[in-house]
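*Asks:* The numbering used here numbers the first residue of the first sequence as 15 and each following residue consecutively. Where a beta carbon is used, it is the ideal one built from N, C-alpha and C, also for glycine. Just so we're clear, the structure is a prediction, and the values are computed from it rather than from any experiment.
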Amino acid sequence: MEGSSKSSSTFHLSSDDDHKKWLEIQDSLKRKLITEDDYNWNLGESEEEEESSGVQVLKYIGGFDISFSKHHPSVACGTLVVLDFKTLDVVYEDSSIVTIDVPYVPGFLAFREAPVFLQLLKKMQDSSHPFYPQVLLVFVLLMIDGNGILHPRGFGSACHLGVLADLPTIGVGKNLHHVDGLTSSRVRELLEAEDNFNVDFIPLVGDSGNTLGAASKGSFKPIFVSVGHRVSLASAVEVVKRTCKYRVPEPIRQADIISRDYLRKHH
DNA sequence: GCGACAG
DNA sequence: ATCTTGTCGC
Numbered sequence: 015m016e017g018s019s020k021s022s023s024t025f026h027l028s029s030d031d032d033h034k035k036w037l038e039i040q041d042s043l044k045r046k047l048i049t050e051d052d053y054n055w056n057l058g059e060s061e062e063e064e065e066s067s068g069v070q071v072l073k074y075i076g077g078f079d080i081s082f083s084k085h086h087p088s089v090a091c092g093t094l095v096v097l098d099f100k101t102l103d104v105v106y107e108d109s110s111i112v113t114i115d116v117p118y119v120p121g122f123l124a125f126r127e128a129p130v131f132l133q134l135l136k137k138m139q140d141s142s143h144p145f146y147p148q149v150l151l152v153f154v155l156l157m158i159d160g161n162g163i164l165h166p167r168g169f170g171s172a173c174h175l176g177v178l179a180d181l182p183t184i185g186v187g188k189n190l191h192h193v194d195g196l197t198s199s200r201v202r203e204l205l206e207a208e209d210n211f212n213v214d215f216i217p218l219v220g221d222s223g224n225t226l227g228a229a230s231k232g233s234f235k236p237i238f239v240s241v242g243h244r245v246s247l248a249s250a251v252e253v254v255k256r257t258c259k260y261r262v263p264e265p266i267r268q269a270d271i272i273s274r275d276y277l278r279k280h281h
């Protein structure tokens with residue numbers, strides 16, 4: 015009698031109503047999604063590009079991640095960092111311990127992460143520290159520890175958080191979320207394809223024919239980059255390349271290290 | 001029916 | 001996400 019629906023899944027929502035509600039929210043937010051570059055900025059590739067015709071050179075890049083407590087699964091620490099795009103030094107960091115009771119359900123990651131993310135973002139924007147006004151002027155990009163359009167409904171957490179914040183975001187996944195025929199073995203095939211031997215990122219084209227993201231082919235285990243909001247895939251990949259000292263790009267890696275560290279000390 | 005399933 | 005030490009190599 016009780017709990018008769020979809021009980022075969024390890025993951026589940028408290029009710030079918032919640033599931034429907036979440037789908038509707040994703041669908042609604044997705045209407046605002048922009049999957050191309052719509053900011054007037056560049057990466058400062060060549061000297062002559064800089065400061066010309068009102069084009070902003072990307073000076074800072076943000077990163078966001080959450081770590082969870084070992085023994086208290088609902089206790090978490092969200093961390094927002096800002097790095098100098100050129101030197102990759104952390105120039106701003108803020109962490110917050112929170113309680114997250116929303117369950118993790120594949121395909122709905124953003125519902126767990128959005129509250130802390132928005133809280134940290136607002137705190138940065140409202141702060142009176144002399145650094146922040148500068149950030150507001152030149153800080154235009156955020157990396158999220160989750161996928162963008164590489165998602166069952168084309169609206170992963172990077173898209174979700176990007177639309178909520180109305181900021182450009184890049185999705186970076188450390189594991190593949192199987193979607194549109196893109197399985198681990200399929201990706202392995204693509205990575206080993208001969209005509210890709212000289213590239214460091216290969217496009218991920220699903221069965222639908224759509225390019226949903228790109229996979230790195232540098233390390234044994236690839237990372238998966240996809241468009242979040244207001245950024246093209248080409249730009250997203252370029253930015254990720256330029257911020258990778260190790261497998262995981264620095265904004266994500268630093269946010270991960272700092273959040274884990276903060277959680278350990280404050281709990 | 002069974003397996004797969006970002007963090 | 002988290003559980004987890006040493007160990008091999010530059």
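With a floor of 4 residues, list each alpha helix (DSSP H) that falls wholly inside the region 228–264, ordered by position along the chain.
*Replies:* 247–256
*Asks:* What do you get for T101, buried or exposed, if any count of 16 or more other CB atoms within 10 angstroms of its CB means buried?
*Replies:* An exposed status is given to T101, since fewer than 16 other beta-carbon atoms sit within 10 Å of its beta-carbon.
*Asks:* Measuring straight from C-alpha to C-alpha, what distance separates S22 and D98?
*Replies:* Residue confidence is low: S22 scores 44 on pLDDT, short of 50, so the model does not pin down where it sits. Its coordinate-derived value is still stated next. Roughly 47 Å separates the two Cα atoms.
*Asks:* How should P182 be labelled, buried or exposed, when 16 other C-beta atoms within 10 angstroms of its C-beta is the threshold for buried?
*Replies:* Flag for P182 reads buried.
*Asks:* Which runs of the alpha helix (DSSP H) fall wholly inside the region 109–195 and span at least 4 residues, in chain order?
*Replies:* Taking only runs of at least 4 residues, the alpha helix (DSSP H) segments lying wholly in the region 109–195 are 124–140, 145–152, 171–179.
*Asks:* Would you mind listing the alpha helix (DSSP H) stretches within the region 21–62 that are 4+ residues and don't spill past its ends, in chain order?
*Replies:* 30–44
*Asks:* When you compare only the Cα positions, how much space is there between K235 and M138?
*Replies:* 34 Å
*Asks:* Rounded to the nearest angstrom, what separates V95 and I266 at their Cα positions?
*Replies:* Going from the Cα of V95 to the Cα of I266 covers about 9 Å.
*Asks:* Which word fits S18, buried or exposed, when buried means at least 16 other C-beta atoms lie within 10 angstroms of its C-beta?
*Replies:* Residue confidence is low: S18 scores 39 on pLDDT, short of 50, so the model does not pin down where it sits. No coordinate-derived value is stated.
*Asks:* Using 10 angstroms around the beta-carbon of E38, count the other beta-carbons present and answer buried if the total reaches 16, otherwise exposed.
*Replies:* exposed
*Asks:* Can you give the beta carbon distance from L132 to A179, rounded, assuming they're within the 8 Å contact cut?
*Replies:* 7 Å
*Asks:* Reducing DSSP to helix, strand and coil, say where A207 ends up.
*Replies:* Shown here, A207 sits in coil according to DSSP, grouped into three states, outside any helix or strand.
*Asks:* Can you tell which of L247, F78, L196 has its C-alpha closest to the C-alpha of L156?
*Replies:* F78
*Asks:* From V213, H33, H281, pick the residue whose C-alpha is nearest to that of Y118; which is it?
*Replies:* H33
*Asks:* With a CB to CB cut of under 8 Å and the five nearest residues on each side skipped, what residues in its chain are close to G220?
*Replies:* V193, D194, G195, L196, L226
*Asks:* At the level of alpha carbons, what is the spacing between S110 and V177?
*Replies:* 22 Å
*Asks:* For Y74, count the other beta carbons within 10 Å of its own beta carbon; 16 or more makes it buried, fewer makes it exposed. Which is it?
*Replies:* buried
*Asks:* Where does N224 land, buried or exposed, given buried means 16+ other C-beta within 10 angstroms?
*Replies:* exposed
*Asks:* Can you tell me where the beta strand (DSSP E) with T101 in it begins and where it stops?
*Replies:* Unbroken run through T101: none, as it is neither H nor E.
*Asks:* Do you know offhand how far K279's Cα is from L135's?
*Replies:* Between the alpha carbons of K279 and L135 lies a distance of about 22 Å.
*Asks:* Measure the alpha-carbon distance for H86 versus H165 and round it to whole angstroms.
*Replies:* 28 Å
*Asks:* Of the residues E264, D275, G58, G121, which one's Cα is nearest the Cα of V105?
*Replies:* Checking every option, the nearest Cα to that of V105 belongs to E264.
*Asks:* Contact check, G160 vs L123 under 8 Å by CB: the rounded distance?
*Replies:* 5 Å
*Asks:* Give a yes or no on whether the C-beta atoms belonging to S88 and L277 are separated by under 8 Å.
*Replies:* no
*Asks:* If we count the other Cβ atoms within 10 Å of its Cβ and call it buried at 16 or more, is A228 buried or exposed?
*Replies:* Counting of Cβ neighbours within 10 angstroms places A228 among the buried residues, the total reaching 16 or more.
*Asks:* Among residues of its own chain, excluding the 5 on either side of I48, which ones have a beta-carbon nearer than 7 Å to its beta-carbon?
*Replies:* H243, R244
*Asks:* May I ask you to report which of helix, strand or coil DSSP gives D270?
*Replies:* helix
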